[in-house]
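Everything on this sheet refers to the single structure shown next.
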Amino acid sequence: MITLEADFNHLDPRGRLRLEGLAMHRGTPFDEIAEKHRRIVFVDGEDIVEGELVHDPQLGWVGAADWNTQDVWLAYPAASRAAV
Numbered sequence: 106m107i108t109l110e111a112d113f114n115h116l117d118p119r120g121r122l123r124l125e126g127l128a129m130h131r132g133t134p135f136d137e138i139a140e141k142h143r144r145i146v147f148v149d150g151e152d153i154v155e156g157e158l159v160h161d162p163q164l165g166w167v168g169a170a171d172w173n174t175q176d177v178w179l180a181y182p183a184a185s186r187a188a189v
């Protein structure tokens, strides 16, 4: 599975994540990612949602998010300062 950064407030009228217009995605190989990875985890800070990449003829690549999977990213062990 692959993760892509997104802005969960940058949506099209159908509730899909607009990706291609974001500066952070200049150079992102959306076509290669979509070909190899059916499910994607979209990340906005600590918030995550599963979905897939879809090519819209007018908007370019968008993230079709399954908003029922929205959750908060947790990792263990918790980040800590390494003892010097």
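Each position in the sequence shown, counted from 1, maps to that position plus 105 in the numbering used here. We put the CB at the ideal spot given by N, CA and C, even for glycine.
Straight across, the Cα-Cα distance linking Phe113 with Leu122 is about 7 Å. Glu157 places its beta carbon less than 9 Å from that of Arg143. The C-beta separation of Ala170 from Val154 comes to about 5 Å, placing the pair in contact by the 8 Å criterion. The alpha carbon of Leu164 has as its nearest neighbour, out of Arg119, Ile107, Arg186, the alpha carbon of Arg119. Closest in alpha carbon position to Val159, among Phe135, Glu151, Met106, is Phe135.
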